Amino acid sequence: MKTGSTAVSILSFLFLLLFAATSATSQTLGDRVKRKVNDRVNRKVDEAIDKGLDKTEEGIKKGTTKKDEKTSDKKSSSAKGDTTTPAGSKAFSDFVPGGKVLFEDKFEKDAEGDFPAKWNTNGSGRISTIDGKDGKWLEVAHGSVVHPVLNKPLPENCTIEFDLFLMKQGERNTPFIQFGFTPVKNILKEDLFYRDKFYTTIWHYSDANEKLIEYGFKDPTGTKNDFPILSYTNKILHVSIAVNKARVRVYLDKTKIIDLPTALTADLRNTFYICNGTVIPASEIGLFVSNLRIASGDVDARSLLVKDLLEKGKASTNEILFDVNKDIIKKESFVIINQIGEALKANPTLKIKIVGHTDADGKPADNLSLSKRRAEAVSSYLINNFGIDEDRISTEGKGATVPVAANTTPEGKAKNRRVEFIKQ
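Numbers -26 to -1, 1 to 398, taken from mature numbering (1 follows the signal peptide of the UniProt record, and there is no 0), label the letters of the sequence shown in order.
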């Protein structure tokens, strides 16, 4: 009896081991083993391609001139500490947020414990807060898919941004994070994993695969082993995606990891989803999502901003983003501000006023102060990174006193949070 019991135990262990690598894409461990040989070959090819691209990218990068440190004392110290990335730096060197907000959700109106009103799921999730982190978060349950509910498919040119937070809840470090595009419109009626899709997966099953990123369609078409996902445990990981017709670019924490010229077809833009994939035993790292922003990229926000400033004397943008309730500029916004810096350098007599605006959340006096400090942060970035004389830039804050949309919806609030540049 003891021998039989041992055999059963061994068989049970082997059974669990076989399914431990089961993913949300219904791929088996055997499938992954078969791919390893091809993956090793592909990885060597990728490394050679990446090396060549890096050399090319270095050749086209542009630097900026920093002004003498004597000019840096005038502006806000909070801006200086987070705005030292030079124009044209590799991080976010070609990512530009879309110019027209289509969907934005920070879960401000959703009660803790509820599933958010503007999302759908085939499993479960709940609104939570995280100690030491701003705002509310959607905790995605293990084995669940969630997606924002949009009235129509994504446009052929758009950007998607969101924050991920991986909360360590035990010793089993087996997150299986997937996000992507699918033609499935109702995930309750149809299993998206048996349909065509384009996805990016970040997962950690064993130490041998602790840095694995997969991307592909129904099955993986490429892998990368150079992203340390576990180093982001209990930290925020910012994800940015740029869609330009069939082309898809994916950025993790300011680093471009995927750039595929022919990944998407029109029907794949029906739904954008995020998944906390199934692994056995279940992951003990909680997956949280927040600050989702989807915007149309039909208009090049960079060229339009400068064009309006020079030709119309005034330009406004929602693409200069800040940390919540702070005057710290998000690094992905530098590519927009850089265009103003280049225009100021190219036109030595040009003087501008920078005007900050907020939404109506909070106290009016606080919003007024915040908008002023944000305008000063943009001014500080231009002075420190482009060597612009201080007397060429003035600043003003108007808080929520001049709205351009209703402050009753997240989309309206996003439009009101803006920065204006006015020719003087």
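In this text, a Cβ means the ideal position worked out from N, Cα and C, and glycines have one as well.
Computed from a prediction, not measured in an experiment: that's the story for all the values here.
Near residue i, which residues of its chain fall below 8 Å by C-beta distance, leaving aside the five closest residues on each side in sequence?
i      : result
Ala317 : Val280, Leu283, Leu284, Leu324
Asn381 : Asp333, Ala334, Asp335, Ala374, Lys387, Asn390
Ala220 : Pro235, Thr236, Ala237, Leu238, Thr239
Gly190 : Phe172, Tyr173, Gly196
By the three-class DSSP mapping on this structure, what secondary structure does residue i have?
i      : result
Val280 : helix
Pro384 : helix
Val352 : helix
Asp363 : coil
Pro338 : helix
Ser264 : strand
Lys389 : helix
Glu164 : coil
Ala269 : strand
Leu76  : strand
Arg100 : strand
Asn94  : strand
What does a CB cutoff of less than 7 Å around residue i pick up in its chain, not counting 5 residues either side in sequence?
i      : result
Ser307 : Glu293, Ile294, Leu295
Ala269 : Pro71, Gly72, Gly73, Lys74, Val75, Leu76, Cys132, Thr133
Just tell me which of the options has its CA closest to the CA of residue i.
i      : options                        : result
Lys142 : Ile203, Tyr225, Phe246, Asn299 : Ile203
Tyr173 : Ser290, Cys249, Asp105, Arg391 : Cys249
Thr239 : His121, Gly117, Leu128, Ala388 : Leu128
Ser98  : Gly87, Gly106, Ile104          : Gly87
Gly260 : Phe69, Leu112, Ile232          : Leu112
Asp340 : Val253, Asp105, Gly373         : Gly373
Asn321 : Ile210, Gly361, Ser102, Lys83  : Gly361
Ile187 : Ala115, Ile232, Val222, Asp108 : Ile232
Is it buried or exposed, residue i, if we count other Cβ atoms within 10 angstroms and call 16 or more buried?
i      : result
Gly72  : buried
Phe66  : Low confidence applies here, because Phe66 scores a pLDDT of 43, under 50, leaving its location unreliable; read the following figure in that light. That one is buried.
Thr95  : buried
Leu162 : exposed
Phe395 : buried
Asp333 : buried
Thr291 : buried
Asp200 : exposed
Tyr168 : exposed
Pro384 : buried
Gln398 : exposed
Asp79  : buried
Gly106 : exposed
Gly154 : buried
Gly251 : buried
Enumerate in chain order the residues of its own chain whose CB-to-CB distance from residue i is below 6 Å, with the five nearest sequence positions on each side excluded.
i      : result
Gly371 : Gly330, Leu342, Ser345, Lys346, Ala349
Glu135 : Ser214, Arg267
Identify every run of the beta strand (DSSP E) within the segment 230 to 258, keeping only runs that are complete inside it and at least 3 residues long; order them along the chain. 245 to 250
Curious, which full-length beta strand (DSSP E) runs of at least 3 residues does the segment 287 to 316 contain? 288 to 291
Quick check for students: name the residue ranges of the alpha helix (DSSP H) that lie wholly in the segment 102 to 152, counting only runs of 4 or more. none
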